[in-house]
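K.L.:
Structure incoming, see below.
2 protein chains.
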Amino acid sequence: MALIVQKFGGTSVGTVERIEQVAEKVKRFREAGDDIVVVVSAMSGETNRLIDLAKQIMPQPNPRELDVMVSTGEQVTIGMLAMALIKRGVPAVSYTGGQVRILTDSAFNKARILSIDDQRIRTDLKEGRVVVVAGFQGVDDQGNITTLGRGGSDTTGVALAAALKADECQIYTDVDGVYTTDPRVVPHARRLEKITFEEMLEMASLGSKVLQIRSVEFAGKYNVPLRVLHSFKEGPGTLITLDDEESMEQPIISGIAFNRDEAKLTIRGVPDTPGVAFKILGPISAANIEVDMIVQNVSNDNTTDFTFTVHRNDYQNALDVLKQTADAMSAREASGDTKIAKVSIVGVGMRSHAGVASRMFEALAKESINIQMISTSEIKVSVVIEEKYLELAVRALHTAFELDAPARVSE
Amino acid sequence: MALIVQKFGGTSVGTVERIEQVAEKVKRFREAGDDIVVVVSAMSGETNRLIDLAKQIMPQPNPRELDVMVSTGEQVTIGMLAMALIKRGVPAVSYTGGQVRILTDSAFNKARILSIDDQRIRTDLKEGRVVVVAGFQGVDDQGNITTLGRGGSDTTGVALAAALKADECQIYTDVDGVYTTDPRVVPHARRLEKITFEEMLEMASLGSKVLQIRSVEFAGKYNVPLRVLHSFKEGPGTLITLDDEESMEQPIISGIAFNRDEAKLTIRGVPDTPGVAFKILGPISAANIEVDMIVQNVSNDNTTDFTFTVHRNDYQNALDVLKQTADAMSAREASGDTKIAKVSIVGVGMRSHAGVASRMFEALAKESINIQMISTSEIKVSVVIEEKYLELAVRALHTAFELDAPARVSE
Numbered sequence: 001m002a003l004i005v006q007k008f009g010g011t012s013v014g015t016v017e018r019i020e021q022v023a024e025k026v027k028r029f030r031e032a033g034d035d036i037v038v039v040v041s042a043m044s045g046e047t048n049r050l051i052d053l054a055k056q057i058m059p060q061p062n063p064r065e066l067d068v069m070v071s072t073g074e075q076v077t078i079g080m081l082a083m084a085l086i087k088r089g090v091p092a093v094s095y096t097g098g099q100v101r102i103l104t105d106s107a108f109n110k111a112r113i114l115s116i117d118d119q120r121i122r123t124d125l126k127e128g129r130v131v132v133v134a135g136f137q138g139v140d141d142q143g144n145i146t147t148l149g150r151g152g153s154d155t156t157g158v159a160l161a162a163a164l165k166a167d168e169c170q171i172y173t174d175v176d177g178v179y180t181t182d183p184r185v186v187p188h189a190r191r192l193e194k195i196t197f198e199e200m201l202e203m204a205s206l207g208s209k210v211l212q213i214r215s216v217e218f219a220g221k222y223n224v225p226l227r228v229l230h231s232f233k234e235g236p237g238t239l240i241t242l243d244d245e246e247s248m249e250q251p252i253i254s255g256i257a258f259n260r261d262e263a264k265l266t267i268r269g270v271p272d273t274p275g276v277a278f279k280i281l282g283p284i285s286a287a288n289i290e291v292d293m294i295v296q297n298v299s300n301d302n303t304t305d306f307t308f309t310v311h312r313n314d315y316q317n318a319l320d321v322l323k324q325t326a327d328a329m330s331a332r333e334a335s336g337d338t339k340i341a342k343v344s345i346v347g348v349g350m351r352s353h354a355g356v357a358s359r360m361f362e363a364l365a366k367e368s369i370n371i372q373m374i375s376t377s378e379i380k381v382s383v384v385i386e387e388k389y390l391e392l393a394v395r396a397l398h399t400a401f402e403l404d405a406p407a408r409v410s411e
Numbered sequence: 001m002a003l004i005v006q007k008f009g010g011t012s013v014g015t016v017e018r019i020e021q022v023a024e025k026v027k028r029f030r031e032a033g034d035d036i037v038v039v040v041s042a043m044s045g046e047t048n049r050l051i052d053l054a055k056q057i058m059p060q061p062n063p064r065e066l067d068v069m070v071s072t073g074e075q076v077t078i079g080m081l082a083m084a085l086i087k088r089g090v091p092a093v094s095y096t097g098g099q100v101r102i103l104t105d106s107a108f109n110k111a112r113i114l115s116i117d118d119q120r121i122r123t124d125l126k127e128g129r130v131v132v133v134a135g136f137q138g139v140d141d142q143g144n145i146t147t148l149g150r151g152g153s154d155t156t157g158v159a160l161a162a163a164l165k166a167d168e169c170q171i172y173t174d175v176d177g178v179y180t181t182d183p184r185v186v187p188h189a190r191r192l193e194k195i196t197f198e199e200m201l202e203m204a205s206l207g208s209k210v211l212q213i214r215s216v217e218f219a220g221k222y223n224v225p226l227r228v229l230h231s232f233k234e235g236p237g238t239l240i241t242l243d244d245e246e247s248m249e250q251p252i253i254s255g256i257a258f259n260r261d262e263a264k265l266t267i268r269g270v271p272d273t274p275g276v277a278f279k280i281l282g283p284i285s286a287a288n289i290e291v292d293m294i295v296q297n298v299s300n301d302n303t304t305d306f307t308f309t310v311h312r313n314d315y316q317n318a319l320d321v322l323k324q325t326a327d328a329m330s331a332r333e334a335s336g337d338t339k340i341a342k343v344s345i346v347g348v349g350m351r352s353h354a355g356v357a358s359r360m361f362e363a364l365a366k367e368s369i370n371i372q373m374i375s376t377s378e379i380k381v382s383v384v385i386e387e388k389y390l391e392l393a394v395r396a397l398h399t400a401f402e403l404d405a406p407a408r409v410s411e
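Chain order of the listed sequences is H and E.
Counting from 1, position 285 in the first sequence corresponds to residue 285 in UniProt numbering; the numbering is continuous, with no gaps.
Counting from 1, position 182 in the second sequence corresponds to residue 182 in UniProt numbering; the numbering is continuous, with no gaps.
Below is the structure:
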């Protein structure tokens with residue numbers, strides 16, 4: 001008999017019919033003998049409706065009062081799901097974030113969870129009830145209602161699982177797991193049985209948007225086994241856990257992530273003196289532009305070239321700033337390119353395998369794809385290439401790292 | 001500088017524009033130097049929307065979970081009104097029933113207020129904030145969300161005013177006060193400056209639906225001066241207070257109430273023995289039918305006639321039950337009539353004035369209106385007449401008791 005926290009997002013509870021389906025699923029787990037805590041989001045569209053209503057009063061809504069309004073979305077869903085369970089003969093009770101004292105800081109609209117009082121939930125579970133908790137919300141130490149910010153229901157699920165020392169936190173979504181890469185690009189991409197928290201973080205931040213990054217960090221920190229599953233299809237999904245030494249027979253690379261939302265900027269012929277990186281990126285940061293990859297080459301005639309990437313929406317703004325910097329520094333040139341894509345291979349296996357990067361470069365060279373930038377971390381190698389080669393590159397890497405093979409049997 | 005509790009119902013906060021108007025009104029009071037606590041209902045239609053949603057899941061919604069859902073209606077409004085005030089430079093803060101600990105019993109959907117912790121509100125008022133509280137809701141001693149039942153926002157307003165010892169509880173509605181009778185029947189009916197709690201109770205229960213009866217009882221019990229005002233028109237409204245000995249120059253009758261929702265049932269030739277009333281009304285009550293007026297005449301040849309009124313919707317059902325009773329008791333006849341109306345004169349003045357009832361009967365006799373039933377209380381005389389004479393009777397009584405005169409200057 002396991003204790004499982006199940007989280008269902010806005011689409012999974014978007015209609016009365018879907019809430020009934022979720023209740024059926026929860027009932028099956030309950031009947032299998034598991035203790036169940038369910039975390040739900042607002043019905044899809046509801047949060048936006050409430051924000052629109054607030055903005056009609058105040059274009060920049062007061063943060064505290066916005067949370068008072070927006071938190072009602074989940075409160076409606078918990079009541080509906082609890083009723084759908086009770087109707088099926090499954091004893092159930094619903095709680096708002098405040099009622100189970102999900103204590104947060106007072107950063108309205110983007111609060112962080114500090115602690116959870118698990119006493120009430122444990123009592124209900126002991127008495128055989130399914131506990132339905134509103135995601136995305138809490139209270140601060142003054143009893144003010146707070147929300148965790150968009151996507152925060154995942155974080156609620158993980159935090160509850162950590163507080164209750166649950167056996168698993170199941171995140172139900174509209175995909176049946178985490179894939180080696182986007183199946184729209186590589187039709188024979190396959191679902192991963194398992195992936196580590198670290199890999200998941202690199203995959204997620206690189207564009208495979210399945211889970212909210214914060215919840216994965218949180219799960220990793222408290223070692224909460226996280227499982228991504230499809231809300232309405234059967235299947236084991238993908239389990240996200242700590243790096244499991246026993247099963248180190250895993251492949252070197254777990255997946256290929258990619259991103260075409262970035263643009264590249266280069267400043268050439270900059271005097272190679274200490275502090276040059278700050279002189280270039282300081283003004284960019286001051287303009288509230290986030291920088292992703294940064295590459296600086298070795299100097300040449302006491303000058304150097306400096307390249308970085310930003311979100312494509314920030315490109316023009318960043319280029320304007322960079323041109324001013326170039327003038328001020330008497331640099332040779334500031335230029336940029338939006339027709340780029342970033343492709344990354346991710347896997348904890350590369351820690352213990354040499355030559356992973358060169359195997360990647362070889363695979364790209366075979367397809368005559370030129371690499372414009374390279375950046376590496378412990379479990380990831382990213383390259384920037386011309387955008388038109390993106391699909392070709394992803395497919396070549398998927399094959400080169402033997403991800404096309406039929407799903408291996410896990411565990 | 002007074003402390004005023006202002007309650008705005010669902011129609012008064014039914015749109016963004018109306019919420020802005022309410023904020024303007026509150027701002028004007030605040031600028032005049034008063035401390036203000038505002039109680040609001042859900043935007044009109046919202047409570048029904050939430051109940052419908054619950055019924056889609058469970059035709060007989062689970063009472064606890066229904067309250068979880070329905071209480072969100074007011075929670076949205078408090079956030080909106082607080083923002084509308086803040087936008088106008090009026091410091092404001094919103095609270096749910098639970099946040100200011102409006103403690104109730106655990107009778108979900110129809111809870112009763114036990115106590116209110118006024119500490120938090122007092123602190124806010126001291127610091128210059130307008131406090132916006134969600135009406136209609138509270139929490140029980142387990143922290144479960146409860147609602148007070150339909151119209152409960154009036155009760156929240158009065159309870160808050162009592163707890164805070166407010167100078168006045170203002171109930172904003174879609175009428176500009178309490179009238180001597182329905183202006184649709186008597187065009188020169190006039191607004192009362194003042195009325196006592198007792199009179200208001202008799203007027204309300206007899207069909208002049210301005211305030212929720214429970215809130216008037218509550219206000220009377222705690223002696224909270226209650227004022228009925230129009231949400232969007234200027235004017236002093238009607239003040240409802242304790243019987244004020246000083247101003248006993250008041251007229252004998254304050255108003256004429258009437259009701260055409262009732263039907264009359266009679267059982268004739270019943271043996272006049274002890275317990276006969278119970279034998280007749282027991283089965284009616286067992287069928288969940290509420291009885292209003294009851295009249296039993298003196299006996300005649302050891303048999304008596306027994307007449308009572310019920311809501312017109314219950315008429316057929318009541319008649320069926322009564323016919324069975326008549327058979328069982330060997331009564332002469334059970335019959336009924338739906339074409340009746342009840343007209344009542346209400347006023348604390350009749351306590352100290354003899355002959356009020358006969359003046360009423362005289363006025364009706366002058367118009368050749370036959371009286372079918374009579375029932376009296378300390379501050380009220382009600383008669384049942386044929387329905388078609390209703391308007392004529394109300395107008396005749398309005399004139400006979402000198403209610404047509406131009407409004408007297410009060411206070």
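All C-beta atoms in this analysis are idealised placements derived from N, C-alpha and C, irrespective of residue type, glycine included.
All values derive from a computational prediction rather than experimental measurement.
1) I'd like the span of the beta strand (DSSP E) that includes H/Glu75, first residue to last.
2) Nearest chain E C-beta to H/Asn62 closer than 8 Å, yes or no?
3) Provide the residue(s) that pair with H/Arg191 in DSSP beta bridges, ordered along the chain.
4) Assuming H/Leu85 contacts H/Lys27 (C-beta within less than 8 Å), just tell me the rounded distance between them.
5) Would you mind reading off the limits of the beta strand (DSSP E) that contains H/Met373?
6) Just checking: is the beta-carbon of E/Met200 within a distance shorter than 8 Å of some beta-carbon in chain H?
7) Can you give the Cα-Cα distance for H/Met248 and H/Val68, rounded to whole angstroms?
8) Output the boundary residues of the beta strand (DSSP E) element that contains E/Pro283.
9) To the nearest angstrom, report how far apart H/Val175 and H/Leu114 are at their CA atoms.
10) Please confirm if the region 119-139 of chain H is in contact with the region 94-107 of chain H, defined as three or more CB-CB distances below 8 Å between the two stretches.
11) Under 9 Å Cβ-Cβ, which residues of chain E neighbour H/Ile51?
12) Could you have a look at H/Leu211 and say whether DSSP puts it in helix, strand or coil?
13) Is H/Lys7 helix, strand or coil by DSSP?
14) Return no unless some Cβ of chain H is closer than 8 Å to the Cβ of E/Thr72.
15) Spell out the partners DSSP gives H/Phe258 in its beta bridges.
16) Using a Cβ cut-off of 7 Å, pull out every chain H residue sitting near residue 421 of chain E, in sequence order please.
17) Can you tell which of H/Val5, H/Thr72 and H/Val39 has its C-alpha closest to the C-alpha of H/Leu53?
18) Can you name the residues of chain E whose CB is closer than 7 Å to the CB of H/Val175?
19) Quick one: is E/Phe278 buried, meaning 16 or more other Cβ sit within 10 Å of its Cβ, or exposed?
20) Please state whether DSSP places E/Val384 in a helix, a strand or coil.
21) I'd like the list of long-range same chain contacts for E/Ala287, defined as Cβ closer than 7 Å, with 5 residues on each side in sequence excluded.
22) Using a Cβ cut-off of 8 Å (strictly closer), state whether E/Ser115 contacts chain H.
23) E/Val130 bridges to which residues according to DSSP?
24) In whole angstroms, give me the CA-to-CA distance for E/Ser254 and E/Leu239.
25) Relative to the C-alpha of H/Asp167, which residue among H/Ser106, H/Ala219, H/Asn313 and H/Gly138 is closest?
26) When the Cα of H/Leu66 is compared with those of H/Ala111, H/Ile340 and H/Glu217, which residue comes out closest?
27) To which residues of the same chain is H/Gly235 closer than 6 Å at the C-beta, ignoring the five residues directly before and after it?
28) Give the residues of chain E in contact with H/Val68, contact being defined as C-beta atoms less than 7 Å apart.
29) What distance in whole Å lies between the Cβ atoms of E/Lys388 and E/Gly336, which are believed to be in contact at a cut-off of 8 Å?
30) If you pair each beta-carbon of the region 148-167 of chain H with each one of the region 218-232 of chain H, do three or more pairs fall below 8 Å?
31) Would E/Ala82 count as contacting chain H if we go by Cβ distances under 8 Å?
32) Distance check for E/Asn370 and E/Leu392, CA to CA, integer angstroms please.
33) Please name the residue in E/Thr338, E/Asp105 and E/Val216 whose C-alpha comes closest to that of E/Glu386.
34) Taking the continuous beta strand (DSSP E) assigned at H/Met293, which residues delimit it?
35) Given E/Asp261, which residues of its chain have a CB within under 7 Å of its CB, disregarding the five upstream and five downstream residues?
36) Going by DSSP, which residues form a beta bridge with residue 415 of chain H?
P.N.:
The relevant details are as follows:
1) Before going on, a small fix: residue 75 of chain H reads as Gln here, not Glu. Not the beta strand (DSSP E): H/Gln75 falls in the alpha helix (DSSP H), residues Thr72 to Lys87.
2) Look at H/Asn62: its C-beta is under 8 Å from a C-beta on chain E.
3) BP columns for H/Arg191 point to H/Tyr179.
4) Contact holds; Cβ gap of about 7 Å.
5) Looking at the DSSP string, the run of the beta strand (DSSP E) that includes H/Met373 is Ile371 to Ser377.
6) Contact with chain H is absent for E/Met200, since none of that chain's Cβ atoms lies less than 8 Å from the residue's Cβ.
7) Because H/Met248 carries a pLDDT of 48, less than 50, the predicted location of this residue cannot be relied on, and no value is offered for it.
8) Where E/Pro283 is concerned, there is no enclosing beta strand (DSSP E), although the alpha helix (DSSP H) it sits in stretches over Val276 to Ala286.
9) Note on geometry: alpha-carbon atoms of H/Val175 and H/Leu114 lie some 30 Å from one another.
10) Short answer: they touch.
11) The contacting residues do not exist; H/Ile51 stays about 11 Å from chain E at best.
12) Residue state, collapsed to three classes: coil.
13) Look at H/Lys7 here: in three-state DSSP terms it is strand.
14) Interface residue, yes.
15) Beta-bridge analysis with DSSP links H/Phe258 to H/Val343.
16) No answer is possible for residue 421 of chain E: the residues shown for chain E start at 1 and end at 411.
17) Checking every option, the nearest Cα to that of H/Leu53 belongs to H/Thr72.
18) For H/Val175, none of the residues of chain E pass the 7 Å Cβ criterion, the least Cβ distance being about 27 Å.
19) Residue burial annotation: E/Phe278 is exposed, with fewer than 16 other C-beta atoms found within 10 angstroms of its C-beta.
20) Of the three classes helix, strand and coil, the one that applies to E/Val384 here is strand, per DSSP.
21) Here E/Ala287 has Asn317 and Val321 as same chain residues with Cβ atoms under 7 Å from its own Cβ, once five neighbours each way along the sequence are excluded.
22) Not an interface residue.
23) According to DSSP, which records beta bridges pairwise, E/Val130 is partnered with E/Ala92.
24) Take the alpha-carbon of E/Ser254 and the one of E/Leu239: they are about 13 Å apart.
25) Just measuring C-alpha positions, the residue of H/Ser106, H/Ala219, H/Asn313 and H/Gly138 sitting nearest H/Asp167 is H/Ala219.
26) The shortest C-alpha separation from H/Leu66 is found at H/Ala111.
27) Excluding sequence neighbours, H/Gly235 sits near Asp176.
28) Within 7 Å of the CB of H/Val68, the CB atoms of chain E belong to Gln75, Ile78, Gly79 and Ser94, in sequence order along the chain.
29) About 17 Å separates the Cβ atoms of E/Gly336 and E/Lys388, ruling out a contact at the 8 Å cut-off.
30) Proximity of the region 148-167 of chain H to the region 218-232 of chain H meets the contact definition, three or more beta-carbon pairs being nearer than 8 Å.
31) Chain H places a beta carbon closer than 8 Å to that of E/Ala82, counting this residue as a contact.
32) Straight-line spacing of the CA atoms in E/Leu392 and E/Asn370 works out to 12 Å.
33) Checked all of E/Thr338, E/Asp105 and E/Val216; the closest Cα to E/Glu386 is E/Thr338.
34) Looking at the DSSP string, the run of the beta strand (DSSP E) that includes H/Met293 is Val291 to Gln296.
35) Only His311 and Arg312 meet the Cβ criterion.
36) A query on residue 415 of chain H cannot be resolved here, the shown segment of chain H reaching from 1 to 411 and no further.
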